[in-house]
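Worksheet: the structure to be examined is printed underneath.
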Amino acid sequence: MSAELIRRTTFTATEQELKQRIEALRGAGWSQFVIAITPGEERAVEDWARIKRAFD
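Heads up, the sequence shown is in the numbering used here, so the first residue is 589 and it goes up one at a time.
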């Protein structure tokens, strides 16, 4: 599994890259997407909340 495959098929990136990717999805007409939080990684909710605030 390569880093490029992970980047293209997941939302694994820096915060700035994630914001850019989400903005691109919005520009393409997407209005929703789902984040799956892995058990034991519940703190990720706070990370995603911070990213979401950039689009409020």
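Even glycine gets a Cβ: it sits at the ideal position worked out from N, Cα and C.
Straight-line measurement puts the Cα of A601 at about 11 Å from the Cα of E592. Taken through DSSP and simplified to helix, strand or coil, G617 comes out as coil.
Exclusion of the five residues before and after W618 leaves no residue of its chain whose Cβ lies closer than 6 Å to its Cβ. Distance from the CA of R595 to the CA of A612, rounded to the nearest whole angstrom, comes to 15 Å.
Pairing A624 with L606, the inter-Cα distance amounts to about 15 Å.
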